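J.: Mapping of the sequence shown onto this note's numbering: residues 9 to 195, in sequence order.
Built from N, CA and C at the ideal position, the CB exists for glycine as well.
Computed from a prediction, not measured in an experiment: that's the story for all the values here.
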Amino acid sequence: MIDALKTYLDAQGPNFIQYISIPEQTAKLAEVLCQLSPGNMGRVFFSNSGTEAVEAAMKIAKASTGKPGIAYLKNSYHGKTLGALSITGRDKHRRYFTPLLDSMVEVPFGDIEALRQVLNRDDIGAVMIEPIQGEGGVHIPPDGYLQAVQQICRQTDTLLMVDEVQPGWDAPGNSLLVNGITSSQTF
Numbered sequence: 009m010i011d012a013l014k015t016y017l018d019a020q021g022p023n024f025i026q027y028i029s030i031p032e033q034t035a036k037l038a039e040v041l042c043q044l045s046p047g048n049m050g051r052v053f054f055s056n057s058g059t060e061a062v063e064a065a066m067k068i069a070k071a072s073t074g075k076p077g078i079a080y081l082k083n084s085y086h087g088k089t090l091g092a093l094s095i096t097g098r099d100k101h102r103r104y105f106t107p108l109l110d111s112m113v114e115v116p117f118g119d120i121e122a123l124r125q126v127l128n129r130d131d132i133g134a135v136m137i138e139p140i141q142g143e144g145g146v147h148i149p150p151d152g153y154l155q156a157v158q159q160i161c162r163q164t165d166t167l168l169m170v171d172e173v174q175p176g177w178d179a180p181g182n183s184l185l186v187n188g189i190t191s192s193q194t195f
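(1) Determine the direct distance from the alpha carbon of residue 145 to that of residue 103, and round the result to whole angstroms.
(2) Does DSSP put residue 138 in a helix, a strand or coil?
(3) Based on Cα-Cα distance, which residue from 95, 115, 63, 116 lies nearest to residue 107?
(4) Less than 8 Å between the C-beta atoms of residue 75 and residue 132, yes or no?
(5) Have a look at 143, 123, 151, 173 and flag the residue whose alpha-carbon is nearest the alpha-carbon of residue 161.
(6) Contact between the stretch 75-86 and the stretch 36-46: three or more CB pairs below 8 Å?
(7) Report the rounded CA-to-CA distance for residue 118 versus residue 147, giving the unit in angstroms.
(8) Please name the residue in 33, 38, 66, 46 whose C-alpha comes closest to that of residue 53.
(9) Please classify residue 113: does DSSP put it in a helix, a strand, or coil?
(10) Would you tell me roughly how many angstroms separate the C-alpha atoms of residue 155 and residue 79, rounded to the nearest one?
(11) With a threshold of 8 Å between beta carbons, is residue 32 in contact with chain C?
(12) Have a look at 105, 158, 82, 31 and flag the residue whose alpha-carbon is nearest the alpha-carbon of residue 142.
(13) What's the C-alpha gap between residue 18 and residue 55?
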């Protein structure tokens, strides 16, 4: 095990990244990910888990918009830290840890008009979606839903954050590329 780890580290493979030192292979991987991502992604943040990526996305949303609120979808799953639970739409994960973060607003999955109403609020800076809900029962969005979400986000100047940890990036038949979606953040 130690020899395998040493060989991997000597090869400068992707690992937990500190801002000061980025291994060459990690930088190359980041470039490839930016090239493969729809839209104009110019940065990559490597994390140890999906939950850590969600936490980073929440911080970026708040810092970049100046708005504390994030809309999330019923039956969604984004992790089990307090921040991630605050935008997870499953009571079975949330109920023992309330109250959670303020200004997080649940929206019914697939309900464009409900989402539009929430995103028109002054305190909502981002929306977190899963292209396919895994934990919530493998819910696939209605035709045109992802495109409508993107359009509303553009109209309201709201960040669109896409959590693809469970379905897998570029899931067959439901990828962001196939659907023509460009997110603000994808993880």
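T.: Taking the geometry as given:
(1) Here the alpha carbon of residue 103 sits roughly 19 Å from the alpha carbon of residue 145.
(2) DSSP places residue 138 in coil when its eight states are reduced to three.
(3) If we check each option's Cα against that of residue 107, 95 comes out closest.
(4) Closer than 8 Å, so yes.
(5) Just measuring C-alpha positions, the residue of 143, 123, 151, 173 sitting nearest residue 161 is 123.
(6) Not touching, per the Cβ criterion.
(7) Rounded to whole angstroms, the gap between the alpha carbons of residue 118 and residue 147 is 10 Å.
(8) Closest by alpha carbon: 38.
(9) Per DSSP, reduced to three states, the secondary structure at residue 113 is strand.
(10) Whole-angstrom Cα-Cα distance: 17 Å.
(11) No chain C is present in this structure, which holds just one protein chain.
(12) The residue with the shortest Cα to Cα distance from residue 142 is 82.
(13) Cα to Cα, residue 18 sits roughly 20 Å from residue 55.
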